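Notes to accompany the following structure.
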Amino acid sequence: MIFAASAVLLAASLWILASAKSFDMAARAPALMMAAGAILSLLYRASGAPFLPSEWMAAGADALLAALAFVAAAQFRVTRLAKACPASFRLTIGGAPLFLIVCGLAAFILVPQLTLGAAFLVAGALTLNGAAFDRRAVSDAPAPSVIKAAVRLESAAILALGLPVAVFLEAAASAAPEGMPAATPYYEFSLSAFRAFALGGMFGLTAAIVGNRMKTLQKKAPPAIIAGSLAALFAALMGAHPVIAAAAAGLLWGEQTLAPMTTRVRMRRIVERAVAPAAYLLFGVLLAPRLFQADLLTVVFILSAVTIVRAGPRLFSLQKTTLPKESQMFLAWFGGAPGAASALFLISLLDAPSVIAQDAVLTVGALAVALGVVAARLTSRPLLKIFLKQTAIAKKRAMFAH
29 MIFAASAVLL AASLWILASA KSFDMAARAP ALMMAAGAIL SLLYRASGAP
79 FLPSEWMAAG ADALLAALAF VAAAQFRVTR LAKACPASFR LTIGGAPLFL
129 IVCGLAAFIL VPQLTLGAAF LVAGALTLNG AAFDRRAVSD APAPSVIKAA
179 VRLESAAILA LGLPVAVFLE AAASAAPEGM PAATPYYEFS LSAFRAFALG
229 GMFGLTAAIV GNRMKTLQKK APPAIIAGSL AALFAALMGA HPVIAAAAAG
279 LLWGEQTLAP MTTRVRMRRI VERAVAPAAY LLFGVLLAPR LFQADLLTVV
329 FILSAVTIVR AGPRLFSLQK TTLPKESQMF LAWFGGAPGA ASALFLISLL
379 DAPSVIAQDA VLTVGALAVA LGVVAARLTS RPLLKIFLKQ TAIAKKRAMF
429 AH
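The numbering of the sequence shown is the numbering used here, which starts it at 29 and goes up by one.
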């Protein structure tokens, strides 16, 4: 019920605010939104006002994350991803799992406070990458179409397919209730995920069939968004995981719909323009104070996680593609940074007291998201200019070679 109430309130307010130009500007300034949230947090703490219940904050984060999961899953067809964009496919099935393993092991080795399960939970949260402000910079630039497609589809595929993995890692890092078998968290996750996939798939498939038969709805985003919202709401009421249900609805709708690509992109822009600023602001309010709790080993891990540990697996997964070297290096560094989805997933863990080393997970994750966003923001535009320059030089060389 808490999730349902939070979802309704957030949907009503964000849908209104999504049309405002100020929200569009806020979506392109995540660092400023986090700073504003941190200032609000300090003022709120100084006032001595009571803290809101953690289940309310987690429910709001889940509602926002469900919206991101649905529109991300609706961006592509799973069965055609490898053919439509080989680079995105390799980054999703190769780069993301490799990053998860390397990042999890690095966190376990470098951060003594983290158990093995908690370390991989941090890695799972950081795998949920994607930054809307970076993608827009590429889409508006004279970059090759294959690069634009890879940037657009990669983060969507990793978010949609990686969320169930992240939720599973949450269960793996959780302790069983007293007196219950150690496998209880896995059992509860299995039931919740099965219900969520079944319910979300039903709503997504129904929305696609109805939209295909009523051609007037094919170019409109609201019917599909309503289906994703209903999937998340009913999942929460039935004891299933609402975020997985929303992702499942998006995957089935995206696989079966005949709607043009412009409809999918418009859906994503509408939702991200509303959700991303709220996610970063909420992150700043709730988790920014934890940035001052990090020790030296945590900082060393975070610096490696947002640089070489992030770019290395991505570059390795692109080696066998037909992309030029400059394109491979650009995609390896440009994407993969933690974004709004990572922030929301960490906030949802506030209501997960059974997670072992919960406090360390939140601290390490908060620092990683903050530094990842800042690093991506500072380097994305200069990197894009260098890439476009190198691409132009490569074209001239090819012309002279012929």
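The C-beta atom is built at its ideal place from N, Cα and C for all residues, glycine as well. In this text the structure is predicted, and so the values were computed from the model without any measurement.
Around the Cβ of I330, are there at least 16 other Cβ atoms within 10 angstroms (buried) or fewer (exposed)?
buried
Check for me: the alpha helix (DSSP H) holding M357 runs from which residue to which?
353-362
Where does S382 sit, in a helix, a strand or coil, going by DSSP?
DSSP places S382 in the coil class of the three-state scheme, outside both helix and strand.
Where do the N-terminal and C-terminal ends of the alpha helix (DSSP H) with D90 fall, by residue?
82-101
State buried or exposed for V334, treating a residue as buried only when at least 16 other CB atoms are found within 10 Å of its CB.
Under this definition V334 is a buried residue.
Residue from Q347, L324, L412 with nearest C-alpha to L395
L324
Relative to the C-alpha of A101, which residue among A302, Y72, T120 is closest?
T120
Check the C-beta distance from L258 over to F217 and give it rounded, since I have them as a contact under 8 Å.
About 23 Å; that fails the 8 Å criterion.
Applying the 10 Å Cβ sphere with the 16-neighbour rule, what's the burial state of D11?
Past the boundaries of the shown model lies residue 11; the chain is included only from 29 to 430, so the question cannot be answered.
Could you give the DSSP three-state label for P341: helix, strand or coil?
helix
Using 8 Å as the threshold, is the C-beta distance between C113 and L181 below it?
yes
Within a Cβ cutoff of 8 Å, which residues of the same chain sit near V337, ignoring the five residues on either side of it in sequence?
F127, V130, C131, A134
From the DSSP output, which residues share a beta bridge with N157?
P366
Distance between E354 and T419 (C-alpha atoms, nearest Å)
If I take the Cα positions, the gap works out to 7 Å.
For L60, which option in I421, A398, K413 has the closest C-alpha, if you only look at C-alpha atoms?
A398
Look at the Cβ atom of S69, then the Cβ atom of V313, and state whether they are nearer than 8 Å.
yes
Between which two residues does the alpha helix (DSSP H) carrying Q284 extend?
270-284
Using C-beta distances below 8 Å, list every residue in its chain close to A64, excluding the 5 sequence neighbours before and after it, in chain order.
L309, G312
Residue span of the alpha helix (DSSP H) that contains S202, given as start and end:
For S202, there is no enclosing alpha helix (DSSP H), as DSSP marks it with neither H nor E.
Would S382 and A153 qualify as a contact pair, given that the criterion is a beta-carbon distance under 8 Å?
no
Taking contact to mean at least 3 C-beta pairs separated by less than 8 Å, is the stretch 338-349 in contact with the stretch 136-151?
no
Does the stretch 357-370 come close enough to the stretch 72-86 that 3 or more CB-CB pairs lie under 8 Å?
no
Report yes or no: do three or more beta-carbon pairs, one from the stretch 223-241 and one from the stretch 258-271, lie closer than 8 Å?
yes
Decide if I210 is buried, meaning its Cβ has at least 16 other Cβ atoms within 10 Å, or exposed.
Residue identity check: residue 210 is Ala in the sequence provided, not Ile. Exposed: under 16 other Cβ atoms inside 10 Å.
Under 8 Å between C-beta atoms of L156 and V150:
no
Might you give, ordered along the chain, the residues of its own chain that have their beta carbon closer than 8 Å to the beta carbon of P251, omitting 5 neighbours on each side?
So the list reads A235, V238, G239, L245, once near-sequence residues are dropped.
On the CB-based measure, 16 or more other CB atoms within 10 Å of its CB, does F415 come out buried or exposed?
It counts as buried.
Taking the alpha carbon of S173 as the point to measure from, which residue in A115, P125, A194, V193 has its own alpha carbon closest?
A115
Hey, out of T212, A194, V299, F362, whose CA is closest to G340's CA?
For the residues T212, A194, V299, F362, the minimum Cα distance to G340 belongs to F362.
Run through the stretch 118-155 for me and flag every whole alpha helix (DSSP H) of 4 or more residues, listed as ranges in chain order.
With a minimum length of 4 residues, the continuous alpha helix (DSSP H) runs that stay inside the stretch 118-155 are 124-138, 144-155.
Measure the CB-CB distance between A86 and I384 and report whether it falls below 8 Å.
no
Please classify P410: does DSSP put it in a helix, a strand, or coil?
In the structure shown, P410 adopts helical secondary structure according to DSSP, grouped into three states.
Which residue from A388, V99, A66 puts its Cα closest to that of A201?
A388
So F222 is in the alpha helix (DSSP H); what residue range does that whole segment cover?
212-241
Suppose the cutoff is 7 Å on Cβ atoms and the five residues either side in sequence are ignored; what does the same chain contact list for T212 look like?
A204, P205
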